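Novice:
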Amino acid sequence: MKTTYREAVREAIREAMHRDERVFLMGEDVGHYGGCYAVSKGLLDEFGPERIRDTPLAESGFTGAGIGAALGGMRPIVEIMTVNFSFLALDQIVNNAATLLHMSGGAFNVPVVIRMATGGGRQVAAQHSRSLEGWYAHIPGLRIVTPATVEDARGMLWTALEDPDPVLIFEHVMLYNMEGELAEDAGPVPLEGAAVRRAGTDVSLITYGGSLWKVLEAADELASHGISAEVLDLRSLRPLDDEAILATVARTHRAVVVDEGWRTGGISAEITARIMEGAFYELDAPVVRVCGVEVPMPYPAHLERAALPQVADIVAAARGLVEGQGEGADAGPARGSAGGSRGDAP
Amino acid sequence: MSRTYDMPALGAGMESGIVVEWHVEPGQAVKRGDVIGIVDTEKGAIDIEIWDDAEIAEILAPPGTEVPVGEPLLRLKVAGEDVDLDPREDEAPEVEPQEAPASQEAPAPEVAAADVVAPPQAPPSPAPRRRVSPLARRRAEALGVDPERVEGTGPGGAVTAADVEAAAGGDPSPPSPEPTPEPDPAPAPDPSPEPDRQAAMRRAIAAAMTRSKREIPHYYLSHTLSMESTLRRLEEVNRDRPPAERILVAALYIKAVAQGLEAFPELNGFWEDDAFRQADGIHPGLAISLRGGGLVAPALHDAPSRSLEELTSGIRDVVQRARAGRLRGSEVTDPTITVTSLGDRGVDTVFGVIHPPQVAIVGIGTVVERPWAEGGMVGSHRTVTLTLSADHRAGDGHRGSLFLARVAHLLHTGDEL
Numbered sequence: 014m015k016t017t018y019r020e021a022v023r024e025a026i027r028e029a030m031h032r033d034e035r036v037f038l039m040g041e042d043v044g045h046y047g048g049c050y051a052v053s054k055g056l057l058d059e060f061g062p063e064r065i066r067d068t069p070l071a072e073s074g075f076t077g078a079g080i081g082a083a084l085g086g087m088r089p090i091v092e093i094m095t096v097n098f099s100f101l102a103l104d105q106i107v108n109n110a111a112t113l114l115h116m117s118g119g120a121f122n123v124p125v126v127i128r129m130a131t132g133g134g135r136q137v138a139a140q141h142s143r144s145l146e147g148w149y150a151h152i153p154g155l156r157i158v159t160p161a162t163v164e165d166a167r168g169m170l171w172t173a174l175e176d177p178d179p180v181l182i183f184e185h186v187m188l189y190n191m192e193g194e195l196a197e198d199a200g201p202v203p204l205e206g207a208a209v210r211r212a213g214t215d216v217s218l219i220t221y222g223g224s225l226w227k228v229l230e231a232a233d234e235l236a237s238h239g240i241s242a243e244v245l246d247l248r249s250l251r252p253l254d255d256e257a258i259l260a261t262v263a264r265t266h267r268a269v270v271v272d273e274g275w276r277t278g279g280i281s282a283e284i285t286a287r288i289m290e291g292a293f294y295e296l297d298a299p300v301v302r303v304c305g306v307e308v309p310m311p312y313p314a315h316l317e318r319a320a321l322p323q324v325a326d327i328v329a330a331a332r333g334l335v336e337g338q339g340e341g342a343d344a345g346p347a348r349g350s351a352g353g354s355r356g357d358a359p
Numbered sequence: 002m003s004r005t006y007d008m009p010a011l012g013a014g015m016e017s018g019i020v021v022e023w024h025v026e027p028g029q030a031v032k033r034g035d036v037i038g039i040v041d042t043e044k045g046a047i048d049i050e051i052w053d054d055a056e057i058a059e060i061l062a063p064p065g066t067e068v069p070v071g072e073p074l075l076r077l078k079v080a081g082e083d084v085d086l087d088p089r090e091d092e093a094p095e096v097e098p099q100e101a102p103a104s105q106e107a108p109a110p111e112v113a114a115a116d117v118v119a120p121p122q123a124p125p126s127p128a129p130r131r132r133v134s135p136l137a138r139r140r141a142e143a144l145g146v147d148p149e150r151v152e153g154t155g156p157g158g159a160v161t162a163a164d165v166e167a168a169a170g171g172d173p174s175p176p177s178p179e180p181t182p183e184p185d186p187a188p189a190p191d192p193s194p195e196p197d198r199q200a201a202m203r204r205a206i207a208a209a210m211t212r213s214k215r216e217i218p219h220y221y222l223s224h225t226l227s228m229e230s231t232l233r234r235l236e237e238v239n240r241d242r243p244p245a246e247r248i249l250v251a252a253l254y255i256k257a258v259a260q261g262l263e264a265f266p267e268l269n270g271f272w273e274d275d276a277f278r279q280a281d282g283i284h285p286g287l288a289i290s291l292r293g294g295g296l297v298a299p300a301l302h303d304a305p306s307r308s309l310e311e312l313t314s315g316i317r318d319v320v321q322r323a324r325a326g327r328l329r330g331s332e333v334t335d336p337t338i339t340v341t342s343l344g345d346r347g348v349d350t351v352f353g354v355i356h357p358p359q360v361a362i363v364g365i366g367t368v369v370e371r372p373w374a375e376g377g378m379v380g381s382h383r384t385v386t387l388t389l390s391a392d393h394r395a396g397d398g399h400r401g402s403l404f405l406a407r408v409a410h411l412l413h414t415g416d417e418l
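Protein chains in written order, with this note's numbering: chain S, 14 to 359; chain U, 2 to 418.
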C-alpha cells in the first residue's frame, strides 16, 4: 500500500484514538485548520473537539496541560508545531516531564507523547528551520525518536503512548510528502534499536531522520564509484543503539556521521565519541562528520541548500575516507566534514 | 581519579593475552613495580607490573579471560595528577618481539635476579608521528610488518589496514569486511596452550628475524682473546664459595659488554623512524634458549652498576623464570642490546642477527683451549671469540671495532674480579 509519511502519522493517531479513549491530541491549529502540516486534517470531524483540541499560542501552557493530563491518567499527544517553538515549553519538558518520576520517588510517571516537526529545507528561515533533537537527546528522562520511514512514522506513536515515560517524536518537515510502501498490517514498532537500511563493507554512513534519504542516495552514488556503503538509521537518539553503531564500524572500519544539526556539541559529536570509546581499534581512518553549517539558517534557497548536508557532501566525505583523496578526511580537530569550512563559524 | 590498566603489548606477535591469575584484589594498594598478576602469551606466562602507585578499584578481566592488547584489565584509583598509566608506549621498542636472534643456542648460563624495574620510558618523541590507523597498527602487529615503513594511501597519506596487508605481501587473511562485529568471545581459558605458544613464538621469531635481515644492513666484526688469566682468577674467587654463590662467567660477559657500552652509546639503543635513539639506560638482553625450542632475551637492568654477584644472581633468576615461562613485562620489553653466548658446549664463533629495533648484538663463542702467543711465548690458553653484529645505518665499523676491543680488554684484564 502506497502512503505518505503524513498519512502514516495521521493513521497512527487515528488508530491510537480508536484503541484507547484516554488518548487525545492537542496543539496549535490541530483542529479546524487540520494541522500546520495537515497531519490532523479530518480528525476533528471524526473525533470531535473534546479529543482534537485547538490550543492558544502558548506552548508552555498547553505542554504543561498535557503533562498534567498524563499525570492524571490520560494519554495525551501534544503537538508542538515545530521544534523551534518548543523553547517556550522547555521548562515543562526538561524540568517537569523528564524529572517528575524521579522527584516523586517513583510515584508518578508522565506518559505524555510530544510530537514536533523539525529540520530545514522549506525556506522558512532561521527561526523555523532548526534541528534540535540532539539537544533533547541530552536529557535523561526523555526518549527521543526520529522516525525516517513510513513504517516508523506509522508504528512509533502507539509504542510511544504505551511507554510510561515521556517520549518526544521528531518528524522531519521534508518527510511529510514522502511516499513509501506500507504493509497493510503495519503496526507498532519498537522505539529502540537502530536499523541497517543498506548493508555495505567499505564505510558506514550513520544518520537519522530527514537525512536518511540523502544518505541512501549518496550510498547509491558511492556504489557507482565502487564503494560499498552501509547505511545505519539510528531511529532513536536517546537511547542510542551503541551496539549497532559499534557493530557497523567493526564491519567497515570507517564512519561518516551525517546530521543536519550543528556540529559543535551535537548528537554527531556524541556518536563520534562513542565510536572512539568503543571501536577505536577498529578504525582505519578518523571518523568524519557532515553536519549543518553553523549559521542561522539563510532564507534564499541556494544558501539554505548550502547550509544543509547534501548528497554531494556525503559522497565526498565518504570517498575521502575510502579512497584517501584526502582533503575532507584529513581530520584536524576542527575539520572533518566534506567541506572543511563547515561548522566552524563562531 | 580512576583509570584503567590495559593489556600490555609484550611482543610484536602479541594480539592478546590470557589472564592466568591476579595477585591483587579490589581495594589493595600497589606500588610502582609490583607484580600484580600473570598473563599468558606465546612467550610464556609473564608477570605483569604496575607502573604507578595506585589502588586496585576493580578487576575487569577475571582469570581465564583472553584480552586483546590495549583492552582494559583493571580499573585503578590513582591519587594525584592525571598521567597515563598505560604501560604501553607508542614507539617501537616496547612492542617488538623480544626473541633474540634465532641463530644460536644460548648457553644456559645460569642465573640471578634483579628485580630492578626499569622506568617506564616516556621518551619525548622527536620525529613527527607517522599516521597509521588503529586498525592498521593492529594488522601490522599481527602480520609482523613495521607500519612506519609502509606507504600510506589513506586520508592525508595515512597508513591503512589495506596498505599493511599489501606490504605484508598477498592478502593473508580476510581484511576489512569481517562479517562478525562482535568481539571474540573469550576462548577456553586454557592457561598453558603449549603447542600453540611454541607455534606463536616461532612466528614471532620469524617475523622479527625476517624484518631484521630485510631491513638492517649488518656489519660483522670478530675478535679472539685469551681468557686464561681471567678464568684463573675467577676459579680462585669461586674456589671457596658454595656452588650457589659462585660467579658465573656469563656475568663477566654481561658486565664487560655493559661497561664497554658506556663509552659507545651509539650501540646502545634503537633505530626508529630513520634515526637512532639512544637508550636511557644500559639493559643488555641475555639470549636464553628454551626447552622445546624458541628463545627469549630478557633484560638485565642497569647492568653497568651491578656487581658480578648481583649479575650472577640476576642471570640465574632470569634463566630459571624464562624456562618456567614466568618473565616480567619490563624484562621482555626493555633490552637495549642483546648478548648471546654459546656456553661451554657450543662452537667457536656466533654471528648474531640483530633484534630490531636494537642496533647491535654481541656474540660470545665457547671457551676453547688453543696455542696462544703472548709476550714472546707460546702457551696453551683458554680463549674466546667475541663478535659484534651491528646496524650500519646507526654507526660504522670503526667505532664498532673500538667497542669490541674495549670489551675484549675488560674481559682479558678481568679487573672486575
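A virtual CB, placed ideally from N, CA and C, is assigned to each residue, including glycine. Predicted model only: the values in this text are computed from it and were never measured.
Would you say Leu-222/U and Gly-401/U are within 8 Å of each other, going by their C-beta atoms?
Specialist: Position 221 of the second sequence, counting from 1, holds the residue named residue 222/U. Position 400 of the second sequence, counting from 1, holds the residue named residue 401/U. Result yes, Cβ atoms of Leu-222/U and Gly-401/U sit closer than 8 Å.
Novice: My output table needs one value for Glu-22/U: the three-state DSSP class, helix, strand or coil.
Specialist: The residue given as residue 22/U occupies position 21 in the second sequence. Of the three classes helix, strand and coil, the one that applies to Glu-22/U here is strand, per DSSP.
Novice: Spatial neighbours of Ala-252/U within its chain, please: C-beta separation below 7 Å, excluding the five flanking residues on both sides.
Specialist: For the purposes of this step, residue 252/U is identified with residue 251 of the second sequence, where counting begins at 1. Result list for Ala-252/U: Leu-309, Leu-312, Thr-313 and Ile-316, in chain order.
Novice: Residue ranges of each alpha helix (DSSP H) run of no fewer than 4 residues wholly in the segment 261 to 300 of chain S, ordered along the chain?
Specialist: 280 to 292
Novice: Would you say Leu-11/U and Gly-330/U are within 8 Å of each other, going by their C-beta atoms?
Specialist: Within the second sequence, numbered from 1, the residue matching residue 11/U stands at position 10. Within the second sequence, numbered from 1, the residue matching residue 330/U stands at position 329. Result yes, Cβ atoms of Leu-11/U and Gly-330/U sit closer than 8 Å.
Novice: If I measure Cβ to Cβ from Leu-259/S and keep anything under 6 Å in the same chain, skipping five residues before and after, which residues do I get?
Specialist: Residue 259/S sits at position 246 when you count from the first residue of the first sequence. Gly-291 and Ala-292.
Novice: Evaluate Glu-46/S with the Cβ neighbour count: other Cβ atoms within 10 Å of its Cβ, from every protein chain shown; 16 or more gives buried, anything less gives exposed.
Specialist: Translated into positions along the first sequence, residue 46/S becomes position 33. Looking at the sequence shown, residue 46/S is not Glu but Tyr. By the neighbour-count rule (16 or more Cβ atoms within 10 Å), Tyr-46/S is not buried but exposed.
Novice: Hey, Ala-304/U and Lys-256/U are a contact pair by Cβ (cut 8 Å); roughly how many whole angstroms apart?
Specialist: Along the second sequence, read from residue 1 onward, the residue named residue 304/U stands at position 303. Along the second sequence, read from residue 1 onward, the residue named residue 256/U stands at position 255. About 7 Å separates the two Cβ atoms, so the contact holds.
Novice: Gly-326/U and Leu-45/U - do their beta-carbons sit closer together than 8 Å?
Specialist: Indexing the second sequence from 1 puts residue 45/U at position 44. Indexing the second sequence from 1 puts residue 326/U at position 325. One detail in the question is off: residue 45/U reads as Gly in this sequence, not Leu. Contact: yes.
Novice: Measuring CB to CB, does Ala-168/U end up less than 8 Å from Val-133/U?
Specialist: Within the second sequence, residue 168/U is the residue found at index 167, counting from 1. Within the second sequence, residue 133/U is the residue found at index 132, counting from 1. No.
Novice: Counting only Cβ pairs nearer than 7 Å, list the residues of chain S close to Arg-139/U.
Specialist: As a working note, residue 139/U is residue 138 in the second sequence. Going along chain S in sequence order, the residues near Arg-139/U (Cβ under 7 Å) are Tyr-294.
Novice: State the Cα-Cα distance for the pair Pro-194/U and Ile-289/U, rounded to the nearest angstrom.
Specialist: The residue given as residue 194/U occupies position 193 in the second sequence. The residue given as residue 289/U occupies position 288 in the second sequence. Low local confidence applies: a pLDDT of 47 at Pro-194/U is under 50, so the model's placement there is unreliable, with the coordinate-based value given in what follows. Pro-194/U and Ile-289/U: Cα-Cα distance of roughly 21 Å.
Novice: Would you give the residue range spanned by the alpha helix (DSSP H) that Lys-78/U belongs to?
Specialist: Walking along the second sequence from the start, residue 78/U turns up at place 77. No alpha helix (DSSP H) contains Lys-78/U, which is instead part of the beta strand (DSSP E) from 73 to 78.
Novice: Give the DSSP-derived three-state secondary structure of Tyr-221/U in the structure shown.
Specialist: Counted from its first residue, the second sequence places residue 221/U at position 220. Tyr-221/U: strand per DSSP, three-state reduction.
Novice: Exposed or buried, what is Asp-53/U when buried is set at 16 or more other beta-carbons lying within 10 Å of its beta-carbon?
Specialist: Taking the first residue of the second sequence as 1, we reach residue 53/U at position 52. Per the 10 Å Cβ criterion, buried.
Novice: Is there a Cβ from chain S that is less than 8 Å from the Cβ of Leu-11/U?
Specialist: By one-based count along the second sequence, residue 11/U stands at place 10. No, Leu-11/U does not count as interfacial toward chain S.
Novice: Taking Ala-298/S as the query, report the chain U residues whose CB atoms sit under 8 Å from its CB, ordered along the chain.
Specialist: Counted from its first residue, the first sequence places residue 298/S at position 285. Going along chain U in sequence order, the residues near Ala-298/S (Cβ under 8 Å) are Ser-134, Gly-155, Pro-156, Ala-159 and Thr-161.
Novice: Looking at the structure shown, is Ala-319/S part of a helix, part of a strand, or coil, going by DSSP?
Specialist: Against the first sequence, residue 319/S aligns to sequence position 306. In the displayed model, Ala-319/S falls within a helix according to three-state DSSP.
Novice: Could you pull out every residue in the same chain whose Cβ sits closer than 7 Å to the Cβ of Val-328/S, ignoring the five residues on either side in sequence?
Specialist: The residue labelled residue 328/S in the question sits at position 315 within the first sequence. Contacts found: Ala-231, Glu-234 and Leu-235.
Novice: Under 8 Å between beta-carbons, which chain U residues line up against His-141/S? List them in chain order, please.
Specialist: On the first sequence, position 128 is the one that residue 141/S refers to. In chain order: nothing, as chain U lies at least about 37 Å away.
Novice: Report the option in Ile-19/U, Gly-28/U, Asp-416/U and Val-36/U whose CA atom is closest to the CA atom of Thr-42/U.
Specialist: Here residue 42/U is taken as the residue at index 41 of the second sequence, counted from 1. Cα-wise, what sits closest to Thr-42/U is Ile-19/U.
Novice: For Tyr-149/S, count the other beta carbons within 10 Å of its own beta carbon; 16 or more makes it buried, fewer makes it exposed. Which is it?
Specialist: Start at 1 with the first residue of the first sequence, and residue 149/S comes out as number 136. The residue is buried, with at least 16 neighbouring Cβ atoms inside 10 Å.
Novice: As an exercise, report each continuous beta strand (DSSP E) stretch of at least 3 residues that is fully enclosed by the segment 123 to 171 of chain S, in chain order.
Specialist: 126 to 131 and 156 to 158, all fully within the segment 123 to 171 of chain S.
Novice: When you compare each of Phe-277/U, Arg-394/U, Ala-361/U and Glu-370/U to Thr-384/U by their alpha carbons, which one comes out closest?
Specialist: Translated into the one-based positions of the second sequence, residue 384/U becomes position 383. Checked all of Phe-277/U, Arg-394/U, Ala-361/U and Glu-370/U; the closest Cα to Thr-384/U is Glu-370/U.
Novice: With DSSP as the reference, label Met-94/S as helix, strand or coil.
Specialist: As a working mapping, residue 94/S is identified with position 81 in the first sequence. Under the three-state reduction of DSSP, Met-94/S is assigned to strand.
Novice: Exposed or buried, Val-112/U, counting other C-beta atoms within 10 Å across all chains shown (16 or more means buried)?
Specialist: Counted from its first residue, the second sequence places residue 112/U at position 111. Because Val-112/U sits at a pLDDT of 40, beneath the cut-off of 50, its placement in the model cannot be relied upon, and the following sentence gives the value as read from the coordinates. It is buried - the Cβ of Val-112/U has at least 16 other Cβ atoms within 10 Å.
Novice: Does DSSP put Ile-289/U in a helix, a strand or coil?
Specialist: Position 288 of the second sequence holds residue 289/U. Judged by DSSP in its simplified three-state form, Ile-289/U adopts strand.
Novice: If the cut is a Cβ gap below 8 Å, which residues of chain S does Gly-71/U touch?
Specialist: Indexing the second sequence from 1 puts residue 71/U at position 70. Ordered by position in chain S, the residues that pass the 8 Å Cβ test against Gly-71/U are Tyr-294.
Novice: Check whether the Cβ of Gly-291/S lies closer than 8 Å to any Cβ atom in chain U.
Specialist: Here the question's residue 291/S lines up with position 278 in the first sequence. Cβ-Cβ to chain U under 8 Å: no for Gly-291/S.
Novice: Whose CA, out of Ser-381/U, Ala-163/U, Thr-334/U and Asp-349/U, lies closest to the CA of Val-368/U?
Specialist: Within the second sequence, numbered from 1, the residue matching residue 368/U stands at position 367. Considering only alpha carbons, the answer is Asp-349/U.
Novice: Determine the chain U residues that contact Leu-334/S at a beta-carbon separation under 7 Å, and present them in chain order.
Specialist: As a position in the first sequence, residue 334/S is number 321, starting the count at 1. What Leu-334/S touches in chain U: Pro-156.
Novice: With the cut-off set at 8 Å, would you say Pro-124/S and Trp-171/S are in Cβ contact?
Specialist: If you number the first sequence from 1, residue 124/S lands on position 111. If you number the first sequence from 1, residue 171/S lands on position 158. No, the pair does not count as a contact, with Cβ atoms beyond the cut-off.
Novice: Judging by CA-CA distance, which residue of Met-289/S, Glu-336/S, Ala-51/S and Ala-268/S is the nearest neighbour of Gly-239/S?
Specialist: Here residue 239/S refers to the residue found at position 226 of the first sequence. The shortest Cα separation from Gly-239/S among Met-289/S, Glu-336/S, Ala-51/S and Ala-268/S belongs to Glu-336/S.
Novice: Under 8 Å, do Glu-317/S and Arg-276/S count as touching if we go by C-beta distance?
Specialist: Sequence index remark: in the first sequence, residue 317/S carries index 304 (1-based). Sequence index remark: in the first sequence, residue 276/S carries index 263 (1-based). No. Outside cutoff.
Novice: Please state whether DSSP places Asp-7/U in a helix, a strand or coil.
Specialist: By one-based count along the second sequence, residue 7/U stands at place 6. Three-state result, Asp-7/U: strand.
Novice: Please tell me whether His-266/S has its Cβ less than 8 Å away from any Cβ of chain U.
Specialist: Residue mapping note: residue 266/S aligns to position 253 of the first sequence, counting from 1. Using a Cβ-Cβ cut-off of 8 Å, His-266/S counts as an interface residue toward chain U, since at least one Cβ of chain U sits closer than that to its own.
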